[in-house]
Amino acid sequence: MSSFRDIPLRLATRDRRQDQGWATLGGRPQRQPADSTGLSRRPTFPLRLSPGGPTGSLSVLVSPPSNRRGFDVSAAYRVRVSKDYLTFASAHFITFQGHRCEALHGHNYRVAATVEGALDAECQFVIDFGVLKAVLRRLVEDIDHKVLLPTKNPKVQLREEQGRMLVDYLGTSAYVFPVKDCALLPIANTTAEELAAHFAAEVREQLRRDGYAGLTALEIEVEESFGQSATYRAPLP
Ligand SMILES: [Zn+2]
Numbered sequence: 024m025s026s027f028r029d030i031p032l033r034l035a036t037r038d039r040r041q042d043q044g045w046a047t048l049g050g051r052p053q054r055q056p057a058d059s060t061g062l063s064r065r066p067t068f069p070l071r072l073s074p075g076g077p078t079g080s081l082s083v084l085v086s087p088p089s090n091r092r093g094f095d096v097s098a099a100y101r102v103r104v105s106k107d108y109l110t111f112a113s114a115h116f117i118t119f120q121g122h123r124c125e126a127l128h129g130h131n132y133r134v135a136a137t138v139e140g141a142l143d144a145e146c147q148f149v150i151d152f153g154v155l156k157a158v159l160r161r162l163v164e165d166i167d168h169k170v171l172l173p174t175k176n177p178k179v180q181l182r183e184e185q186g187r188m189l190v191d192y193l194g195t196s197a198y199v200f201p202v203k204d205c206a207l208l209p210i211a212n213t214t215a216e217e218l219a220a221h222f223a224a225e226v227r228e229q230l231r232r233d234g235y236a237g238l239t240a241l242e243i244e245v246e247e248s249f250g251q252s253a254t255y256r257a258p259l260p
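Under our numbering, the sequence shown has 113 at position 90, and the numbering climbs by one with no breaks.
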């Protein structure tokens with residue numbers, strides 16, 4: 024049985040402006056969605072007015088903590104996009120410590136994105152899935168069926184001559200590719216980790232341009248092959 028002493032304590036938190044929001048609801052405590060006014064119902068709790076008296080429950084309409092754009096900052100959500108078409112088949116090689124350089128080879132990569140943040144008070148989502156899918160799709164299509172080359176690797180020199188990309192490794196000619204088949208990336212090595220960080224920077228910039236607010240973190244996962252992936256995580260904005 025509920026304690027009689029609980030009642031004054033709860034009533035003390037009652038706000039006159041919220042009187043209309045008080046409701047007597049039966050059943051177990053449950054979370055309820057925000058209504059059209061942007062107010063959220065806190066879980067309902069059984070209420071006994073007096074020992075042996077009528078019983079019921081109550082819920083309180085409260086205005087959740089929010090920032091200036093109306094995002095509920097008291098709760099965090101995570102959304103993830105991982106689609107079959109968010110893939111790219113590309114060639115690459117990475118450099119190791121010392122003078123070791125991997126031979127040219129390829130992977131069927133796959134990309135996934137996770138975004139965390141508050142719920143948009145109007146749309147009730149963290150971010151439109153379509154926005155996330157579109158930016159990822161553009162990124163993978165840009166490098167699909169291409170040779171991935173790092174522009175920030177001190178051991179790798181890239182020179183473009185007459186439609187050809189000359190790739191030197193430690194001053195020695197290593198490869199020549201058609202320029203149109205190359206994707207130059209502003210990273211130091213074409214590892215899954217660096218690719219993930221590169222994608223994250225691009226996604227982050229797109230979200231900034233789109234004016235998304237209320238987002239707190241972004242994760243990009245790049246799977247190089249089955250069971251072999253790297254994830255980059257960065258705070259937002
Ligand atoms: Zn590889």
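Every residue gets a Cβ at the ideal spot worked out from N, C-alpha and C, and that includes glycine.
Residue i beta carbon near ligand 1 (any heavy atom closer than 8 Å)
i      : result
His128 : yes
Ile117 : yes
Glu247 : yes
Glu125 : yes
DSSP-derived helix/strand/coil call for residue i
i      : result
Gln180 : strand
Arg231 : helix
Asp107 : coil
Leu241 : strand
Arg256 : strand
Asp165 : helix
Gly140 : strand
Arg133 : strand
His128 : strand
Ala224 : helix
Val190 : strand
Arg101 : strand
Gly219 : It is worth fixing the name first, because residue 219 is Ala in this sequence and not Gly. The answer is helix: DSSP assigns Ala219 an H, G or I state.
Phe116 : coil
Beta-carbon gap between residue i and residue j smaller than 9 Å
i      : j      : result
Val154 : Gln229 : yes
Val245 : Leu218 : yes
Pro209 : Thr254 : no
His263 : Leu171 : Outside the displayed range of the chain (24 to 260) lies residue 263, so it cannot be described from this structure.
Ala206 : Cys124 : no
Ala220 : Glu242 : no
Arg103 : Ala136 : yes
Ser113 : Arg133 : no
Val163 : Phe111 : yes
Arg232 : Pro260 : no
Pro201 : Arg182 : no
C-beta neighbour in chain B for residue i, strict 9 Å
i      : result
Leu109 : Among the chains in the structure shown there is no chain B, since it carries only a single protein chain.
When the options are compared against residue i, the one with the closest alpha-carbon
i      : options                           : result
Leu142 : Ala236, Phe249 and Glu246         : Ala236
Arg227 : Ala240, His130 and Glu216         : Ala240
Asn176 : Arg187, Thr214 and Ile243         : Thr214
Gln185 : Val199, Tyr192 and Thr195         : Val199
Ile166 : Ser248, Arg182 and Asn131         : Asn131
Gln251 : Lys156, Met188, Glu216 and Asn212 : Glu216
Gly121 : Phe249, Leu193, Ala257 and Pro258 : Leu193
Ala144 : His168, Phe152, Ala98 and Ile117  : Ala98
Rounded Cβ spacing between residue i and residue j (contact assumed at less than 8 Å)
i      : j      : result
Tyr100 : Val149 : 5 Å
Leu238 : Val158 : Contact flag wrong, Cβ pair sits at about 13 Å.
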